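A.B. asks:
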Amino acid sequence: MQLSPISWTTDGGVPGATVYIDPIDNGGFSNTIFPFLNGYVQNQHPLVKGSNTKKFNMDLVLSILRPAIPVLYAISFVNYLVHFVNPRNPFGKASTPVLFGTAVVHVVYCVLLGIRFDHHPMATVFEILCVVAAALACVYLLIELWRRSRSTGVFVVPFVLILQIASAIGIAPSKEINPLLHDTLFGIHTGSVALSYAAFFLCAIYAVMLLLFHRALRKKSFGLLFERLASLATLAKMNRGSALVGFVFLTVAIASGSAWAARAFEAGWLNPKVALTFVVWLVYGLALFFNYGLKWSNRRVAIATLVGFALLILSSSVVNAYLAGWHSFAE
Amino acid sequence: MDLEHLLLVGSSHRTAPLDLLQDLSFSPELIREHLPGMREVLDLDETVILSTCNRTEIYAAAENERRAAGAVQDWLLARAPGESGISRENLYTRFGAEAASHLFRTASGLESLIVGETEIAGQVQDALEIARGAGTAQGFSTRLFSTAFRASKRSRTETEIAAGTTSVASASVHLAHRIFGDLSRRSALMIGAGETGRLVCRYLAHHGIGKLTIANRTTHRALEVAGEFGGEAAGLEGIEEILEGVDIAVAATHSPTPLVTGEMIQSAMRNRSSRMLLLVDISMPANIDGAASSVDNVFLNDMNDLKSIVQRTLDRRSREIPAVERIIEEEVACFAARTAAMRAGPIIKELRQRYEDLAGAQLEKFSPKMSEEDRAVAARMVRDLTKKLLHWPTLELREIARDPEADPARIEWLRRLFGLDKPLSGKGDG
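Protein chains in written order, with our numbering: chain A, 1 to 331; chain B, 1 to 430.
See the structure below:
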């Protein structure tokens with residue numbers, strides 16, 4: 001991102017400081033901060049003039065939240081790590097409230113981004129990362145509170161942190177936005193996609209943990225993982241629960257996406273990515289059916305959900321990279 | 001009473017074999033009986049006796065602690081039967097901070113046979129209560145033992161010294177807990193109603209097992225254990241059928257041949273979909289066929305597996321010892337500082353009394369010249385002024401008392417400075 005410097009001097013003519021501001025929100029920052037400096041700034045910079053105060057305040061909030069959210073996730077990760085190593089440590093016990101607070105701030109940030117950019121914040125990869133990170137944190141919290149087990153947070157929060165750092169580095173308004181991105185149905189579609197991807201990601205993490213736990217029991221390796229992870233039965237429930245959440249949201253995403261695309265694209269809407277998404281939906285659906293209907297073992301369900309997740313990765317990375325069709329909405 | 005007057009005489013599993021240690025043990029009734037006379041005869045200010053399976057320790061406070069320690073040793077050895085082989089060599093003696101540190105270590109489980117066991121904290125508390133009841137534990141002992149309880153609590157909450165399982169029976173239930181989590185909706189089968197079986201049942205009941213069945217060769221024994229833990233009793237012939245419905249099965253018998261065969265497990269698993277089954281075999285010789293471990297969704301663990309869990313716990317607890325020792329060091333220092341600060345108590349009290357008496361005398365002297373209202377104002381003013389004037393001398397006195405290297409002459413000098421060595425009616429009293 002290109003940053004523009006603005007310098008000012010104090011009343012006595014002594015050089016003050018230089019602030020570097022984002023050209024997108026330069027006026028906002030200046031208009032908000034300069035009255036606060038109250039006469040200490042020579043408010044003559046061309047970038048400062050003629051700006052919209054209402055929008056600029058939001059820009060200030062966004063410019064604060066952008067680095068603050070990764071920092072909060074980093075604190076939350078340390079909380080979970082401490083809890084994993086020593087569950088009695090009071091700092092570790094603060095992990096859930098800290099993550100909860102961070103997730104709330106993150107969701108607010110996503111909403112503000114949508115208002116500021118004037119479209120659903122799913123137009124660029126950085127916006128998608130931001131929304132998926134928020135969805136991952138929210139779905140994880142949902143599962144954690146449901147099962148009352150915070151021992152898996154140490155494996156989930158780092159991914160949220162990485163996604164959010166990546167998003168914070170590159171997030172900026174797109175130059176050209178497909179006007180269809182303002183559609184409410186599209187918002188439902190993209191929100192559901194983010195939530196389903198987050199749930200499936202979580203499901204994969206639980207599946208790996210479950211298989212590791214299973215292996216530790218078979219190999220009689222009663223180490224740290226055996227002692228600290230949630231019980232095998234709890235991991236199985238978390239694995240199935242997150243698969244179910246992901247499946248429900250993917251169903252909503254497919255339904256809303258199909259309805260929206262049918263309206264938006266007369267030429268047809270089936271492309272490799274959509275086709276592969278159907279396969280993913282089918283794999284998770286079958287895994288859940290075999291588990292609840294045919295009483296598959298926890299281990300088999302875990303493996304099936306990992307296959308589903310591999311297909312999901314394939315649909316969202318390989319297909320996007322090599323078979324890019326219209327499933328992108330910004331430049 | 002200062003920390004330096006504290007003494008400890010005792011014997012534990014570290015200094016004497018358990019059979020010799022038994023000769024020194026006291027029942028709670030015996031402790032109640034001995035305490036008052038012991039304090040009188042041995043010229044002790046305060047005393048507490050801690051007697052458990054692995055130790056007998058006498059904590060006492062005496063003006064001459066060295067002389068008292070010798071007398072306590074003689075008294076303790078005289079309690080042992082004549083034919084007992086216990087001698088002075090089996091005893092240990094500690095003084096002052098070392099004695100306090102030993103008590104804190106004991107209460108925190110560092111001196112226990114199984115490091116970190118928590119039962120000792122309750123036994124230490126009982127020892128204090130008995131001594132308080134007998135009137136041989138007063139302020140000093142109460143403060144000392146309260147600090148020991150705090151050290152013990154901190155050790156358990158701030159470190160992992162008491163975490164994990166340390167017996168094969170509790171390790172079996174720990175394993176079940178790690179696999180199934182909440183046991184309240186799970187069912188268990190206990191094969192064997194001997195001592196180990198009963199212990200496993202106790203742990204299962206403690207973890208809130210949903211349903212418990214006890215199968216035994218002799219049904220009346222199974223009924224007895226089932227009655228104790230709210231379970232059901234069964235004969236050994238019903239094992240195969242019961243296995244189909246339970247989540248956990250623990251075998252602890254002395255049967256020479258396996259009671260649970262591989263075929264029984266395979267048959268049971270065919271009728272239970274994909275539900276997991278935990279099998280724990282703590283029998284000697286093994287009572288569950290090893291082939292069960294290859295069956296899908298069955299987790300078979302034997303005595304060696306459980307011993308490895310116990311060993312891991314003990315290793316982990318050993319690693320926590322330095323952290324607990326740091327807590328104990330802090331608590332000993334804190335207790336020493338508080339005890340020392342209390343040395344200043346009598347002189348501070350004397351100083352306040354002297355100033356209040358002086359203020360009272362002055363008020364009395366001038367009260368005929370004042371109205372009722374003025375007298376009330378003057379009384380309040382004098383009281384406040386006294387407090388303010390004594391603030392810094394009080395702090396200084398406490399500081400001197402806390403400093404172990406402080407010259408005792410400084411307190412005497414302060415007494416002289418404030419005229420505490422002179423009568424109230426002396427020159428200058430106004």
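Note that the Cβ used here is the ideal one computed from N, Cα and C, for glycine as well.
Quick caveat, the model's predicted, so the values are computed rather than measured.
For Leu250/A, does the count of other Cβ atoms within 10 angstroms reach 16, so buried, or fall short, so exposed?
C.D. replies: So Leu250/A counts as buried.
A.B. asks: Measuring alpha carbon to alpha carbon, tell me which residue in Ala162/B, Ala333/B, Ala292/B and Phe95/B is nearest Arg67/B.
C.D. replies: Selected option, being the one with the closest Cα: Phe95/B.
A.B. asks: Whose CA, out of Met264/B, Gly139/B, Asp384/B and Leu21/B, lies closest to the CA of Thr339/B?
C.D. replies: For Thr339/B, the nearest C-alpha among the options comes from Gly139/B.
A.B. asks: Within a Cβ cutoff of 7 Å, which residues of the same chain sit near Met122/A, ignoring the five residues on either side of it in sequence?
C.D. replies: Correct list, in chain order: Ile128, Val131 and Thr190.
A.B. asks: Checking contacts by CB at 8 Å: is Asp305/B closer than that to chain A?
C.D. replies: It does: the Cβ of Asp305/B has a partner Cβ on chain A nearer than 8 Å.
A.B. asks: If you measure between the beta carbons of Phe309/A and Ala204/A, is that distance less than 8 Å?
C.D. replies: Yes, the Cβ-Cβ distance between Phe309/A and Ala204/A is below 8 Å.
A.B. asks: Tell me whether the beta-carbon of Leu512/B lies closer than 8 Å to the beta-carbon of Leu300/B.
C.D. replies: Nothing in the structure corresponds to residue 512/B, since chain B is present only between 1 and 430.
A.B. asks: My output table needs one value for Gly260/B: the three-state DSSP class, helix, strand or coil.
C.D. replies: Checking the sequence shown, residue 260/B turns out to be Val, not Gly. Correct three-state label for Val260/B: strand.
A.B. asks: To the nearest angstrom, report how far apart Pro322/B and Glu329/B are at their CA atoms.
C.D. replies: Using only the alpha carbons, I get a separation of about 10 Å.
A.B. asks: Could you say which of Ile347/B, Asn54/B, Asp403/B and Ser273/B lies nearest to Leu420/B if we only look at CA atoms?
C.D. replies: Answer by Cα proximity: Ile347/B.
A.B. asks: Could you give the residue range of the beta strand (DSSP E) that holds Arg217/B?
C.D. replies: Per DSSP, Arg217/B belongs to no beta strand (DSSP E) and is neither H nor E.
A.B. asks: What does the alpha-carbon distance come out to for the pair Gly285/A and Ile214/B?
C.D. replies: Approximately 41 Å, taken between the alpha carbons.
A.B. asks: Identify whether Ala123/A lies in helix, strand or coil by the three-state DSSP scheme.
C.D. replies: Ala123/A falls in the coil class under three-state DSSP.
A.B. asks: Give a yes or no on whether the minimum CB-CB distance between Thr157/B and chain A is below 8 Å.
C.D. replies: So, interface residue.
A.B. asks: So which residues on chain B does Glu155/A lean against when the C-beta distance must stay under 9 Å?
C.D. replies: Per the sequence presented here, residue 155/A reads as Phe, with Glu not at that position. Here the premise fails: no neighbours, minimum Cβ distance about 18 Å.
A.B. asks: Who are the neighbours of Trp296/A on chain D, taking C-beta pairs under 8 Å?
C.D. replies: Of the chains in the structure shown, none is chain D; the protein chains are A and B.
A.B. asks: Count the C-beta pairs between the segment 47 to 62 of chain B and the segment 151 to 166 of chain B that are closer than 8 Å, then say yes if the count reaches three, no if not.
C.D. replies: Short answer: they don't touch.
A.B. asks: Name, please, each residue of chain A whose Cβ falls closer than 9 Å to the Cβ of Asn297/B.
C.D. replies: Near Asn297/B (Cβ distances below 9 Å), the residues of chain A are Ser297, Asn298 and Arg299.
A.B. asks: Have a look at Arg415/B and Leu91/B and give me their C-alpha separation to the nearest angstrom.
C.D. replies: Arg415/B and Leu91/B: Cα-Cα distance of roughly 44 Å.
A.B. asks: In whole angstroms, what is the alpha-carbon distance linking Ala275/A and Ala261/A?
C.D. replies: Approximately 14 Å, taken between the alpha carbons.
A.B. asks: Look at the alpha carbon of Ile313/A and the alpha carbon of Pro256/B, and state the distance between them as a whole number of angstroms.
C.D. replies: Taking the straight line from one Cα to the other gives about 56 Å.
A.B. asks: How would you call Gly164/B, buried or exposed, if buried means at least 16 neighbouring beta carbons within 10 angstroms?
C.D. replies: The residue in question, Gly164/B, is buried, as its Cβ has 16 or more Cβ neighbours within 10 Å.
A.B. asks: Could you work out which residues of chain A lie near Ser167/B, taking near to mean beta carbons separated by less than 9 Å?
C.D. replies: Neighbours of Ser167/B on chain A: none; closest Cβ ~15 Å, over 9 Å.
A.B. asks: For Arg94/B, which residues does DSSP report across the bridge?
C.D. replies: In DSSP, Arg94/B forms a bridge with Leu8/B.
A.B. asks: For Gly246/A, I'd like the list of residues in its chain whose CB is within less than 7 Å of its CB, leaving aside the five on either flank, ordered along the chain.
C.D. replies: For Gly246/A, where only same-chain residues beyond five positions count, the Cβ hits under 7 Å are Ser196, Ala199, Phe200, Cys203 and Tyr284.
A.B. asks: Does the distance from the CB of Leu212/B to the CB of Leu199/B come in under 8 Å?
C.D. replies: No.
A.B. asks: Could you tell me which residues DSSP puts in a beta bridge with Thr47/B?
C.D. replies: For Thr47/B, which the question treats as bridged, DSSP gives the partners Ala60/B.
A.B. asks: Distance, Cα to Cα, Ser11/B vs Leu259/B?
C.D. replies: When rounded, the distance between both Cα atoms is 46 Å.
A.B. asks: Report yes if the CB atom of Trp18/B is closer than 8 Å to the CB atom of Ala80/B, and no otherwise.
C.D. replies: Contrary to the premise, residue 18/B reads as Leu rather than Trp in this sequence. No.
A.B. asks: Is Pro285/B buried or exposed, if buried means 16 or more other CB atoms sit within 10 Å of its CB?
C.D. replies: Label assigned to Pro285/B: exposed.
A.B. asks: Give the DSSP-derived three-state secondary structure of Met1/B in the structure shown.
C.D. replies: Coil, per DSSP.
A.B. asks: Within 8 Å of any Cβ in chain A, is that where the Cβ of His206/B sits?
C.D. replies: It does not: the Cβ of His206/B has no partner Cβ on chain A nearer than 8 Å.
A.B. asks: Do three or more CB pairs link the segment 299 to 318 of chain B to the segment 361 to 381 of chain B at distances below 8 Å?
C.D. replies: Judged by Cβ distances under 8 Å, the segment 299 to 318 of chain B makes no contact with the segment 361 to 381 of chain B, as fewer than three pairs qualify.
A.B. asks: Under 9 Å Cβ-Cβ, which residues of chain B neighbour Arg88/A?
C.D. replies: Correct list: Arg156, Thr157, Glu158, Thr159, Glu160 and Ala163.
A.B. asks: Could you tell me whether any Cβ in chain A is nearer than 8 Å to the Cβ of Arg462/B?
C.D. replies: Since the first residue shown for chain B is 1 and the last is 430, residue 462/B is missing from the structure and cannot be characterised.
A.B. asks: Taking only beta-carbon atoms, is Thr152/A less than 8 Å away from chain B?
C.D. replies: No, no contact with chain B.
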